[in-house]
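Report on the following structure.
There are 2 protein chains.
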Amino acid sequence: MPPPGKPSDTRSRIIAAAAEEFGARGFAATSVDVIARRARVNKAMIYYHFSSKQALYTSILRDIYVALGEQLQGIAAQTVGPPRKLDALIHTLVQALDARTHFLPMFLRELAEGGRHLGPQELSLIAGIFAVVSGVIAEGVEAKVFRPVHPALAHFSIIGPLILFRATAPVRARIRQARQIEIPDADSATLIQHIQTVARRMLAPEESHERNIQG
Amino acid sequence: MPPPGKPSDTRSRIIAAAAEEFGARGFAATSVDVIARRARVNKAMIYYHFSSKQALYTSILRDIYVALGEQLQGIAAQTVGPPRKLDALIHTLVQALDARTHFLPMFLRELAEGGRHLGPQELSLIAGIFAVVSGVIAEGVEAKVFRPVHPALAHFSIIGPLILFRATAPVRARIRQARQIEIPDADSATLIQHIQTVARRMLAPEESHERNIQG
DNA sequence: GTCTATAAATAGATAGAC
DNA sequence: GTCTATCTATTTATAGAC
Numbered sequence: 001m002p003p004p005g006k007p008s009d010t011r012s013r014i015i016a017a018a019a020e021e022f023g024a025r026g027f028a029a030t031s032v033d034v035i036a037r038r039a040r041v042n043k044a045m046i047y048y049h050f051s052s053k054q055a056l057y058t059s060i061l062r063d064i065y066v067a068l069g070e071q072l073q074g075i076a077a078q079t080v081g082p083p084r085k086l087d088a089l090i091h092t093l094v095q096a097l098d099a100r101t102h103f104l105p106m107f108l109r110e111l112a113e114g115g116r117h118l119g120p121q122e123l124s125l126i127a128g129i130f131a132v133v134s135g136v137i138a139e140g141v142e143a144k145v146f147r148p149v150h151p152a153l154a155h156f157s158i159i160g161p162l163i164l165f166r167a168t169a170p171v172r173a174r175i176r177q178a179r180q181i182e183i184p185d186a187d188s189a190t191l192i193q194h195i196q197t198v199a200r201r202m203l204a205p206e207e208s209h210e211r212n213i214q215g
Numbered sequence: 216m217p218p219p220g221k222p223s224d225t226r227s228r229i230i231a232a233a234a235e236e237f238g239a240r241g242f243a244a245t246s247v248d249v250i251a252r253r254a255r256v257n258k259a260m261i262y263y264h265f266s267s268k269q270a271l272y273t274s275i276l277r278d279i280y281v282a283l284g285e286q287l288q289g290i291a292a293q294t295v296g297p298p299r300k301l302d303a304l305i306h307t308l309v310q311a312l313d314a315r316t317h318f319l320p321m322f323l324r325e326l327a328e329g330g331r332h333l334g335p336q337e338l339s340l341i342a343g344i345f346a347v348v349s350g351v352i353a354e355g356v357e358a359k360v361f362r363p364v365h366p367a368l369a370h371f372s373i374i375g376p377l378i379l380f381r382a383t384a385p386v387r388a389r390i391r392q393a394r395q396i397e398i399p400d401a402d403s404a405t406l407i408q409h410i411q412t413v414a415r416r417m418l419a420p421e422e423s424h425e426r427n428i429q430g
């Protein structure tokens, strides 16, 4: 495995192909042969650039977590109030999912397997993402602009709908296609706005009459 | 494949073993050999009872969807108001997930693969479950006890947190174990109550919760 | 860096004895 | 119904030429 200094063209083609295949079929169901064909390289080239199928897989996951974590931490560091931060986090999360369509399936499968392919490094990155979102919520609770809530439950009440709505899109499409009942879709803007509204309502203090909350 | 009239002992052992293995490892990563060993039967016995690995897998998924669908439809048929029905649906969904620990991982993986292993029959069952929950919401909207909401977005705002909180439990445990940050857990009762509260707040008509906590 | 060829292990599925 | 033995295909991974 050569030093990862320069992202050679074949290397990035391998990564792109692997991301799509792992996303569509999962780790076990994806063969190195298929990745090679899709990347238009020979299978041996994959083992030249990555020590194993597992290492290739993990490297893809790690890249995403790093990028997403940096983006979210940038938002949390802004000098606006917790409600605005939360809106921005939701907005960024939806757009991040839109930008990397292979991430969601990979993430769901990791959950299903209890994070078997995740090492301490990856777990730490995930923990960081959780810390950002639930940190903003805690910040709001402390400032009394949010009601006291269970941090993890509040966190998953925000990212749960977001993730599951996007994740079910292909199955909903198949249901629609099979002429079963109609399950309406929603574009990104509608989704973002809905999640933001639900989050606001979830976190609204008990008797929030004319509270002037500063952002 | 013998007629499925009498659930023979070996057959049910095969199903139980397969459910655990498919849940833990997924379809592709689970070998028929492993299922056979776990069920304490020979591999050939599996092909005596089921036409293929795929048929065994699908049969397990279908059983769960049928049972869950019947349970939920029973609730929707009750003669109580939409808010109470929704509370009962949430309660039942959480308990159903608790009762069948292998279902959630299997469900997540199906989402990740766009329902590749699901035929028209299974898709129809899933559509039925969606119809029940979003039907109760629509009932409440019509009766003006719920505010008008996007049916699918409201649906996934309820089952999303529920599913994702439970699904992330193993990864959260690993993060805790790896001495990363502390992500608090919650028992079923707390989870149920939280989801019910969020659902109520999401669906409350305009007057009860101010729409502006915006900063 | 890129290829061909192949090793070594394992997969799903079946034949046929009992 | 249950087993042993096996066929065939595919898998990850590597050796070695260029």
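Residue numbers (our numbering), protein chains in the order written: chain H, 1 to 215; chain L, 216 to 430. All C-beta atoms, glycine included, are put in the ideal place defined by N, C-alpha and C. Computed from a predicted structure; not experimentally measured.
Within the model, the alpha-carbon separation for Leu93 (chain H) versus Gln73 (chain H) is close to 12 Å. Annotation: Cβ neighbours of Gln180 (chain H) in chain L (cutoff 7 Å, chain order): Leu338, Ser339 and Ala342. With respect to Glu337 (chain L), Pro297 (chain L) sits apart: the two C-beta atoms are not nearer than 9 Å.
Around Ser157 (chain H), the beta-carbon contacts reaching into chain L at under 7 Å are Pro376 and Val413. The straight-line gap separating the alpha-carbon atoms of Thr405 (chain L) and Ile46 (chain H) is approximately 48 Å.
Put simply, the backbone Cα of Val360 (chain L) is about 21 Å away from that of Ile407 (chain L).
Within chain L, the residues placing a beta-carbon under 8 Å from that of Arg174 (chain H) are Gly329, Gly330, Leu333 and Leu338, ordered along the chain.
Counting C-beta atoms within 10 angstroms of its own C-beta, Ala346 (chain L) has 16 or more neighbours from the protein chains shown and is therefore classed as buried. For the stretch 235–246 of chain L, the set of residues with a beta-carbon nearer than 9 Å to any beta-carbon of chain H comprises Gly238, Ala239, Arg240, Gly241, Phe242, Ala243, Ala244 and Thr245, in chain order.
C-alpha of Arg200 (chain H) to C-alpha of His150 (chain H): approximately 15 Å in a straight line.
Taking a Cβ-Cβ cut-off of 7 Å, the neighbours of Met417 (chain L) in chain H comprise Val198 and Arg201, given in sequence order. Between Ile15 (chain H) and Ala36 (chain H), the CB-CB gap reaches or exceeds 9 Å. Relative to the Cα of Pro105 (chain H), the nearest Cα in the group H:Phe27, H:Ile175 and H:His49 belongs to H:Phe27. Around the beta-carbon of Asp402 (chain L), fewer than 16 other beta-carbon atoms lie within 10 Å, marking it exposed.
A Cβ-Cβ contact shorter than 9 Å links Leu271 (chain L) with Ala233 (chain L). For the stretch 70–133 of chain H, the full-length alpha helix (DSSP H) segments reaching 4 residues or more read 82–99 and 103–112 along the chain. In the DSSP assignment, Pro170 (chain H) falls within the alpha helix (DSSP H) that extends over Ala169 to Gln177. Taking 8 Å as the upper bound for CB-CB distance, Ile90 (chain H) and Gln180 (chain H) are not in contact here, some 30 Å apart. Residues of chain L whose Cβ lies closer than 7 Å to the Cβ of Pro170 (chain H) are, in chain order, Gly329 and Gly330.
Contact fails between the stretch 167–184 of chain H and the stretch 111–127 of chain H, because fewer than three Cβ pairs, one in each stretch, are under 8 Å apart.
Under a criterion of Cβ atoms nearer than 8 Å, the residues of chain L adjacent to Pro184 (chain H) are, in order, His365, Pro366 and Ala367. Residue-level contact by beta carbon fails for Ser51 (chain H) and chain L, as no gap is shorter than 9 Å. Scanning chain H for C-beta atoms nearer than 8 Å to the C-beta of Thr405 (chain L) yields His150 and Leu153, reported in chain order. In the DSSP assignment, Gly238 (chain L) falls within the alpha helix (DSSP H) that extends over Asp224 to Arg240. Nearest C-alpha to Gln392 (chain L) among H:Phe156, H:Gly115 and H:Ser157: H:Gly115.
Under the Cβ criterion of 9 Å, Glu110 (chain H) is counted among the residues facing chain L. The beta carbons of Leu326 (chain L) and Ala167 (chain H) sit closer together than 9 Å. Secondary structure of Ser52 (chain H) (DSSP, three-state): coil. Within the model, the alpha-carbon separation for His409 (chain L) versus Val141 (chain H) is close to 16 Å. Between Ile341 (chain L) and Tyr280 (chain L), the beta carbon gap of about 6 Å places them in contact (Cβ cut-off 8 Å).
Burial state of Arg109 (chain H) is buried, judged by a 10 Å Cβ sphere holding 16 or more other Cβ atoms. Annotation: the continuous alpha helix (DSSP H) that includes Arg201 (chain H) extends over Ser188 to Leu203.
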